[in-house]
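A.B. asks: Encoded as structure tokens, here's the structure I'll be asking about.
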Amino acid sequence: SKIDFILFCTQSPDYFLPTTACILQDKLGLSKSIGALDFNLGCSGFVYGLTLAKGLIATGVAKNILLVTAETYTKFLDKNDKSNRTIFGDGAAVTIVEKDESKQDFQFSVGTDGSGFSNLIVENGGSRNSLEKPKLFMKGPKIFTFALENIPAVIKETLDKNRLKMEDIDLFVFHQASSYMLNYLRELCKIPEEKFFLDMKDIGNTVSASIPIALKLATQKNIIKESFKVMVVGFGVGYSWAAGILEF
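Be aware that the sequence shown starts at 994, since it is given in the numbering used here, and climbs by one per residue.
Listed below in structure tokens is the structure:
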């Protein structure tokens, strides 16, 4: 009953229209006086959602925000696409975002480079092309190169904004893209293995849901402890990326 805004991040909505967040408001029996919107982002979606929620709270528009990140990418995958079918999984996460005066107010960093839009794309199903069954196309090496070129910089930018150093961060939780990519990034960024969370063997890459799912798993395994500073980093389709720091 305290929820006064729904943010729904998805690239695989129930319908072309209406907004899935509006449907969710009704399904949950929430007040008709709340705000509800979808936003179309992939692997960076959770961190972007946190920045949007922070803005809504800071401006007094909302106090208790339901941030939903949900994807069913498998419906975009061709049955004969042996490469991408081994990477992606379907998943969803729900996060309550509210103001807490006892926690430090950390700053976020975001970035965009639309020049790489065609390297991870579902070309059909929108207004530009036909409404035939959509299929996902991905140039893995291009995505890999994009991550290597941008993620170290956004980590440094986020640390600088918050006047912190690498050693001040207790745990790094990246978008769970692939084990190979994440281990490569960890070494490139010189992050100690014990400060880096990676667990996707059972669910794969769940796009915008991957970071909150990883946070839940890390909490359940007692890896994240009270007062931990956790850096979350999302990156991928768009190209789009975002990073921020959460205090537990």
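Note that beta-carbon positions come from the ideal geometry of N, C-alpha and C, so glycine has one too. It should be emphasised that the depicted structure is a prediction, and the values quoted were computed from it without experimental measurement.
(1) What's the C-alpha gap between K1199 and L1152?
(2) Here's a check: name, in chain order, each residue in its chain whose Cβ is nearer than 6 Å to the Cβ of V1103, leaving out the five neighbours to either side.
(3) What are the boundary residues of the alpha helix (DSSP H) that includes F1139?
(4) Cutting at 8 Å between CB atoms, please list the residues of its own chain near G1035, excluding the five before and the five after it.
(5) Name the residue from I996, L1060 and D1098 whose alpha carbon lies nearest to the alpha carbon of K1222.
(6) The alpha helix (DSSP H) that contains V1040, what's its start and end?
(7) Could you pull the start and end residues of the beta strand (DSSP E) that T1062 belongs to?
(8) Check G1107 in the structure and name its three-state DSSP category.
(9) Taking three-plus beta-carbon pairs below 8 Å as touching, is the region 1188-1196 in contact with the region 1160-1170?
(10) Could you check the C-alpha separation between Y1066 and F1081 for me, to the nearest Å?
(11) Looking at C-alpha atoms only, which residue of D1074, R1078, L1000 and N1033 is the closest neighbour of K1047?
(12) In this structure, does DSSP put A1207 in helix, strand or coil?
(13) How about the region 1089-1098 and the region 1206-1215: do they share at least three Cβ pairs that are nearer than 8 Å?
(14) Enumerate in chain order the residues of its own chain whose CB-to-CB distance from F1137 is below 7 Å, with the five nearest sequence positions on each side excluded.
(15) Who are the Cβ neighbours of T1105 in its own chain at under 6 Å, not counting the five residues just before and after it?
(16) How should T1013 be labelled, buried or exposed, when 16 other C-beta atoms within 10 angstroms of its C-beta is the threshold for buried?
C.D. replies: According to the data block:
(1) In the sequence as presented, Lys is not what sits at residue 1199; that position holds Thr. If you take the alpha carbons of T1199 and L1152, they lie about 26 Å apart.
(2) For V1103, the CB contacts under 6 Å within the same chain, skipping 5 residues up- and downstream, are A1235 in chain order.
(3) G1133 to K1154
(4) Cβ within range, chain order: Q1004, E1064, L1113, V1200, S1201, G1229, V1230, G1231 and S1233.
(5) D1098
(6) G1038 to A1051
(7) For T1062, the uninterrupted beta strand (DSSP E) segment begins and ends at N1057 to E1064.
(8) helix
(9) Note that the region 1188-1196 touches the region 1160-1170; at least 3 beta-carbon pairs, one per stretch, sit closer than 8 Å.
(10) 7 Å
(11) L1000
(12) In this structure, A1207 counts as helix in the three-state DSSP scheme.
(13) no
(14) M1174
(15) Residues S1233 of the same chain have their beta carbon placed closer than 6 Å to that of T1105, with the five preceding and five following residues left out of the count.
(16) buried
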